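Residue numbers (this note's numbering): 127 to 501.
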């Protein structure tokens, strides 16, 4: 083969590869555009209504808050009945489409139990939590009621049995006979005979008292602790002593009050109920408190009690800032000055007038391996 023929052959092969590449790219783009077109068309409300022929589906949707609302926004079928893109959207669409097509072609609508399909247990299977949260990103908006804040707090605490549909079953398909049945057991522990306090306890002398949180049925005990002088810290020869427990020194304190027990969940959730809507006070303004400058509680992520339980159990997992803001709020609603105790006040109260390693009768030398102390 001479050089000229070789060049022609090489040139022909190069052209063929180039055209194959261009043809492949073009075919891929056409398929991609066609695929997206098919996906978009089959995701329209009109297309959904072709298969979903159950009674009043379209009518109940148009009457619901997802269509008939003050904002004018319309929530389409696929925005609830398919997960958001990136959360298995294509797979869920294919699976749902095949199931609906099979029902449309081979099932008699008269044999379908429509009442059962309108219940929350079935609805959870065809509505995706990710889709709800994609639109409703802020679960504690300023317009949310106190009851709504409590319900959302219960939801974000990680109860696996709850979903958006437990309270919002009929937001997508209006039901005039629906009854909103909610569970009031979350949030502050209450009873049917609970008294809601209108004002805080009045304190006129230095003595122990039971504080009442206005606007709630929650109380807690405050103990009057007389002032005095004590040795703060531990001596250098004490067993199990940590470096930050010294040097030991004398400290003098003025009289003060301290809560009998740690802040309970009932107390802290009273704060959340009042300020949980992005720091804005819900309901009635407390008497003689014209200015509300207290930030609200940050919505919790996960279960803040870590499974230990709420009610009268200690409120845990709080940051120093959250505890400080709680004290500021409590000071505002009660008219008293509440704050976190100092390290000296805490040790003075905990020692109860003793100078031994423990406030109770015990000896560190007789501590067992499991941490329990033996006399």
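Cβ atoms here follow ideal geometry from the backbone N, Cα and C, with glycine treated the same way. None of these values were measured; they are calculated from a predicted model.
Close CB contacts of residue 290 within its chain, under the 7 Å cut and outside five residues either way in sequence, are with 255 and 258 (chain order).
In this structure, the straight-line span from the alpha carbon of residue 220 to that of residue 214 is close to 10 Å. Nearest in C-alpha terms to residue 240, of all of 267, 431 and 182, is 182. Secondary structure note for residue 350: its beta strand (DSSP E) is the uninterrupted segment 345 to 351.
A direct Cα-Cα distance of roughly 11 Å separates residue 211 from residue 204. Note on geometry: alpha-carbon atoms of residue 252 and residue 228 lie some 16 Å from one another.
Judged by DSSP in its simplified three-state form, residue 379 adopts strand.
Assigned with DSSP and collapsed to three states, residue 153 falls in helix. Runs of the alpha helix (DSSP H) lying entirely within the stretch 227 to 290, each at least 4 residues long, are 240 to 243, 246 to 252, 255 to 261 and 272 to 282 in chain order. Counting along the chain, the unbroken beta strand (DSSP E) around residue 338 starts and ends at 335 to 338.
In terms of Cβ geometry, residue 472 and residue 397 do not form a close pair [threshold 8 Å]. Under the criterion of beta carbons closer than 8 Å, residue 297 and residue 191 qualify as touching, at roughly 5 Å. Going by DSSP, residue 173 is part of the alpha helix (DSSP H) stretching over 171 to 177. A distance below 8 Å separates the beta carbons of residue 383 and residue 348. Taking all protein chains shown into account, residue 245 has fewer than 16 neighbouring C-beta atoms within 10 Å of its C-beta and is therefore exposed. Its Cα nearest to that of residue 187, the residue 171 stands out among 171, 458 and 345. A distance below 8 Å between beta-carbons, with the five flanking residues on each side excluded, links residue 372 to the following residues of its chain, in chain order: 359, 360, 361 and 362. Per the DSSP secondary-structure output, residue 440 pairs in a beta bridge with 390.
The distance from the Cβ of residue 350 to that of residue 333 is about 5 Å, consistent with a contact at the 8 Å cut-off. Counting every other CB atom within 10 Å of its CB across the protein chains shown gives residue 466 a total below 16, marking it as exposed. Taking a contact as a CB-CB distance under 8 Å, the pair residue 230 and residue 177 counts as one, their CB atoms being some 5 Å apart. Around the beta carbon of residue 381, fewer than 16 other beta carbons sit within 10 angstroms, so the residue counts as exposed. A distance of 8 Å or more separates the beta carbons of residue 341 and residue 277. Here residue 209 is buried: its Cβ has 16 or more other Cβ atoms, across all protein chains shown, within 10 Å. Look at residue 356 here: in three-state DSSP terms it is strand. For residue 188, the enclosing alpha helix (DSSP H) has its first and last residue at 183 to 189. Residue environment: residue 216 is assigned as exposed (fewer than 16 neighbouring CB atoms within 10 Å of its CB, all protein chains considered).
Cβ neighbours of residue 338 within its own chain (closer than 6 Å, five residues either side excluded): 323, 326, 327 and 345. In this structure residue 261 is exposed. Its beta-carbon is surrounded by fewer than 16 other beta-carbon atoms within 10 angstroms. Residue 486 places its beta carbon 8 Å or farther from that of residue 476. The three-state reading of DSSP puts residue 475 in helix, counting H, G and I together.
With a contact defined as Cβ atoms closer than 8 Å, residue 379 and residue 464 miss out at about 17 Å.
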